[in-house]
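Q: Could you have a look at this structure, given as structure tokens, before my questions?
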Amino acid sequence: MSPSVPAQSPEAIAAAALGVDARAIRSVERIKHGLTNDSWRVRTNTDAVVVRMSNTAEELLQIDRASEARVLEIVERAGIGPEMLLCDPQRHVLVTRDLGRTWTEQDAHVPANIERLAQTLRRLHSLAVPEGVRAVDLVETMRGYLAALDERGSKSDVTSESNRERGERAALALRQGARVCLCHNDVHHLNVVDRDSLHLIDWEYSGVGEPMFDLASVCVYHEYDRVERERLLEAYLGRGDTDALRRLDLACWLFEYIRELWTEVRAEIPDA
Numbered sequence: 036m037s038p039s040v041p042a043q044s045p046e047a048i049a050a051a052a053l054g055v056d057a058r059a060i061r062s063v064e065r066i067k068h069g070l071t072n073d074s075w076r077v078r079t080n081t082d083a084v085v086v087r088m089s090n091t092a093e094e095l096l097q098i099d100r101a102s103e104a105r106v107l108e109i110v111e112r113a114g115i116g117p118e119m120l121l122c123d124p125q126r127h128v129l130v131t132r133d134l135g136r137t138w139t140e141q142d143a144h145v146p147a148n149i150e151r152l153a154q155t156l157r158r159l160h161s162l163a164v165p166e167g168v169r170a171v172d173l174v175e176t177m178r179g180y181l182a183a184l185d186e187r188g189s190k191s192d193v194t195s196e197s198n199r200e201r202g203e204r205a206a207l208a209l210r211q212g213a214r215v216c217l218c219h220n221d222v223h224h225l226n227v228v229d230r231d232s233l234h235l236i237d238w239e240y241s242g243v244g245e246p247m248f249d250l251a252s253v254c255v256y257h258e259y260d261r262v263e264r265e266r267l268l269e270a271y272l273g274r275g276d277t278d279a280l281r282r283l284d285l286a287c288w289l290f291e292y293i294r295e296l297w298t299e300v301r302a303e304i305p306d307a
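Right, dumping it as structure tokens:
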């Protein structure tokens, strides 16, 4: 490696993952949309990879990098996730093959794409539940974020007693009758890549949990109306289901609430 290239630089990490000299790197482009990481797209003449380095307190945000690595192995084999070239949780470094352009928000509203995304999530949720992957309990997730805010004396509408009680009821209701499966838990257009079939990226919040939460993330991030929610759910289930639609509505409220809690916790982290 060239002595002028720092060992923890994106180009040095990419070169190590690809097994090439750092002088083979032709471009390094910072990816702007990452919230919990610093990420770069790094290119050689023949390859393009994404280098990610963590930049926030993972424990507070309930991120488990070892579990994420296990999930990436599984979804890569299933043809749903990116190829993993280098994973070093101790150094907070991950390198994956660049899959190309992510969806735009408009792409997520195309009726045929809503159905394709539902079918991709159904494929994900049908995978065998793997060992070594963390359980994502929505009750504990919510309580964990609230505890982190309470420790810091954070007071806001999102931490009010009424919202705590409503969140607790919603999370406990979703826990009842939940089907345990592998979930992404952060499905929005910037995490969807279309390469003939759909692939999902950014699996850091993945785990074994409630499948309706994945559908809720799609609905909330893209502000789906009633028709779009019904289309997504029917494509996922293969049929209409009034009870499942009510469960999806509940999951959407809870997803929005947990997202607000996450945002407040992240704001409490220095230099986040």
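Residue numbers are given in this note's numbering: position 77 of the sequence shown equals residue 112, and the series is strictly consecutive. Virtual Cβ for every residue (Gly too), placed ideally from N, Cα, C. Predicted model, so just to flag it, every value in this text is computed and none were measured.
1) What is the DSSP secondary structure of V40, counted as helix, strand or coil?
2) Output the boundary residues of the alpha helix (DSSP H) element that contains S102.
3) Can you list, in chain order, the residues of its chain with a C-beta nearer than 7 angstroms to that of A59? Leave out the 5 residues immediately preceding and following it.
4) Helix, strand or coil for V77 per DSSP?
5) Should C122 and A147 be called a contact, given that it needs their Cβ atoms to be closer than 8 angstroms?
6) Have a look at the DSSP bridge pairing and note the partners of I66.
7) So, is G242 buried or exposed, given that buried needs 16 or more other C-beta atoms within 10 angstroms?
8) Nearest-angstrom Cα distance between L156 and T139?
9) Are the segment 225–242 and the segment 266–274 touching, with three or more C-beta to C-beta distances below 8 angstroms?
10) Scan the segment 216–298 and note each continuous beta strand (DSSP E) run of 3 residues or more that stays entirely inside, going in chain order.
11) Could you tell me whether the segment 167–183 touches the segment 206–213, where touching means 3 or more Cβ pairs closer than 8 angstroms?
12) Under three-state DSSP, which class holds A170?
13) Closest to Q211 by C-alpha separation, out of P246, N226, H223, C254, would be which residue?
14) Report the option in D260, I98, I236, S44 whose CA atom is closest to the CA atom of P124.
15) Hey, how far is the Cα of D197 from the Cα of I304?
16) Please identify the residue among C254, T298, D284, R274 whose C-alpha is closest to the C-alpha of I149.
A: So, from the listed chains and residues:
1) If you number the sequence shown from 1, residue 40 lands on position 5. Because V40 sits at a pLDDT of 49, beneath the cut-off of 50, its placement in the model cannot be relied upon, and the point is left open.
2) Here residue 102 refers to the residue found at position 67 of the sequence shown. Counting along the chain, the alpha helix (DSSP H) containing S102 begins and ends at 100–112.
3) Along the sequence shown, one-based indexing puts residue 59 at 24. The residues are A50, T79.
4) Numbered from 1 along the sequence shown, position 42 holds the residue referred to as residue 77. Looking at V77 - three-state DSSP - the assignment turns out to be strand.
5) Here residue 122 corresponds to residue number 87 of the sequence shown, with the count starting at 1. Here residue 147 corresponds to residue number 112 of the sequence shown, with the count starting at 1. Going by C-beta atoms, C122 is not nearer than 8 angstroms to A147.
6) For this step, residue 66 is matched to residue 31 along the sequence shown. Partner(s): S74.
7) Here residue 242 refers to the residue found at position 207 when the sequence shown is read from its first residue. Label assigned to G242: buried.
8) The sequence position of residue 156 within the sequence shown is 121, counting from 1. The sequence position of residue 139 within the sequence shown is 104, counting from 1. Computed Cα separation, rounded: 18 angstroms.
9) no
10) 216–218, 227–230, 232–235, 242–244
11) yes
12) In the sequence shown, counting from the first residue as 1, residue 170 sits at position 135. Correct three-state label for A170: strand.
13) Along the sequence shown, read from residue 1 onward, the residue named residue 211 stands at position 176. When each option's Cα is compared against that of Q211, the closest is P246.
14) Taking the first residue of the sequence shown as position 1, residue 124 is located at position 89. Among D260, I98, I236, S44, the Cα nearest to that of P124 is on I98.
15) Within the sequence shown, the letter at position 162 stands for residue 197. Within the sequence shown, the letter at position 269 stands for residue 304. The identity of residue 197 in the sequence shown is Ser, whereas the question assumes Asp. Going by the C-alpha atoms only, they are around 25 angstroms apart.
16) Position 114 of the sequence shown, counting from 1, holds the residue named residue 149. If we check each option's Cα against that of I149, C254 comes out closest.
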